[in-house]
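Comments concern the structure below.
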Amino acid sequence: MFDQERIIYQLERTRVLTLQLIERVPHEQWFEMPMGITHVAWNVGHIAVAEYFLGLVFTRGPEEADASFIREDYGPLFGYNSVPVPDPGAYPTPSELVETLGAVHQQVLAETRALRPEELDESCLFLEGEFDHHPIFQHKGGALEWIAYHEHMHLGTIGLLRRALGGEPIQYFEESREGRRFV
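Residues in the sequence shown are numbered consecutively from 56, following this note's numbering.
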C-alpha cells in the first residue's frame, strides 16, 4: 500500500523547502513572537522532534544511540503540548537546532531506505500513555508519510512568522529563473 520511494522523495523535497525558508530568517529573529503564539526556533525544533518520533520511534522504537543526534530535552522543549517562550536562553541556538534537524533527517532517511517494503504495512510501535496511537495513521508507512505533511504545516507557520518579522515575499519562480537551485 505504501510507496517507499515516494515517501523518501517527499521527505527529501520537503526538507529542501524547509531549509531554504529558515535560512531566510536571521538567527537573531528566531525567538521573536510577533503574534505572541510561537517562534521560528520552536517550529524548527518541533519539526526535528516530530520527525524523530514519526520516523524512528514509531517505526523501530527508541534506541540509546538516538542521544547521539537528538538531545533528551528536545521532547519537553519542542514536543506535543510544549509551549514556546520568547527566551533564547531556554533553547538550543539556531545553529544547534539546524544541526539537529539535519541529523534526525539523515537518520530517518537512512533507516527508511533500509526498511523492507513490506515493513511499511506493519503496525506502528506506539508508546504507552499519551502516544499509544495516532489519530491519522496506524502503520509505519503512514507515520513516514505524515512527516512531510506535518512539516509542510510548520513551513506555513514559519513563512507567516517570517513575513510578520518583516521579510519580503519569496519569489521562487524568479529565483529559479536566475539560477537558484531548489534541490
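Quick reminder that beta carbons are idealized off the backbone N, C-alpha and C, glycines included.
Residue nearest to residue i in terms of C-alpha spacing, selected from the options
i: Leu111; options: Gly91, Leu182, Ala145 and Leu74; result: Leu182
i: Gly222; options: Val80, Glu60 and Arg126; result: Val80
i: Val226; options: Glu127, Gln75, Arg126 and Glu60; result: Strictly speaking, residue 226 in this sequence is Gln, with Val absent from that position. Among Glu127, Gln75, Arg126 and Glu60, the Cα nearest to that of Gln226 belongs to Gln75.
i: Ala103; options: His207, Ala219, Leu180 and Arg217; result: His207
i: Val140; options: Val95, Gln59 and Gln65; result: Val95
i: Asp142; options: Glu229, Pro172 and Gly91; result: Gly91
i: Gly134; options: Ala158, Asp121, Ile191 and Asn98; result: Asn98
i: Met56; options: Arg171, Glu127, Thr69 and Ala120; result: Arg171
i: Gly211; options: Leu66, Thr73 and Tyr64; result: Thr73
i: His205; options: Gln65, Arg61 and Asp58; result: Gln65
i: Ile63; options: Glu118, Ile77 and His160; result: His160
i: Gln193; options: Leu175, Ala203 and Gly184; result: Leu175
i: Phe186; options: Arg218, Thr69 and Gly130; result: Gly130
i: Gly214; options: Pro89, Arg68 and Gln59; result: Pro89
i: Leu220; options: Arg68, Ile77 and Pro190; result: Ile77
i: Ser178; options: Ile191, Ala169 and Gly184; result: Ile191
i: Arg61; options: Ala203, Ala145 and Glu230; result: Ala203
i: Gly144; options: Leu132, Asn136 and Ser137; result: Leu132
Residue range of the unbroken alpha helix (DSSP H) whose run includes residue i
i: Pro131; result: Tyr129 to Phe133
i: Asn136; result: First-last for Asn136: undefined, no H or E at that position.
i: Met90; result: Element bounds for Met90: n/a, residue is neither H nor E.
i: Gln193; result: Gln193 -> no alpha helix (DSSP H), and no H or E assigned at all.
i: Tyr146; result: Tyr146 -> no alpha helix (DSSP H), and no H or E assigned at all.
i: Glu230; result: Tyr227 to Arg232
i: His101; result: Val95 to Tyr107
i: Val71; result: Gln59 to Ile77
Residue i classed as buried or exposed, judged by whether at least 16 other C-beta atoms fall within 10 angstroms
i: Thr167; result: buried
i: Gly234; result: exposed
i: Glu106; result: buried
i: Thr93; result: buried
i: His188; result: exposed
i: Gln162; result: buried
i: Thr148; result: exposed
i: Phe108; result: buried
i: Arg232; result: exposed
i: Ala165; result: exposed
i: Gly100; result: buried
Report yes or no: do three or more beta-carbon pairs, one from the region 147–159 and one from the region 69–85, lie closer than 8 angstroms?
Yes: the two stretches touch, three or more of their Cβ pairs being nearer than 8 angstroms.
Segment contact, 8 angstroms Cβ cut-off, at least three pairs: the region 191–207 with the region 106–125:
The region 191–207 is in contact with the region 106–125.
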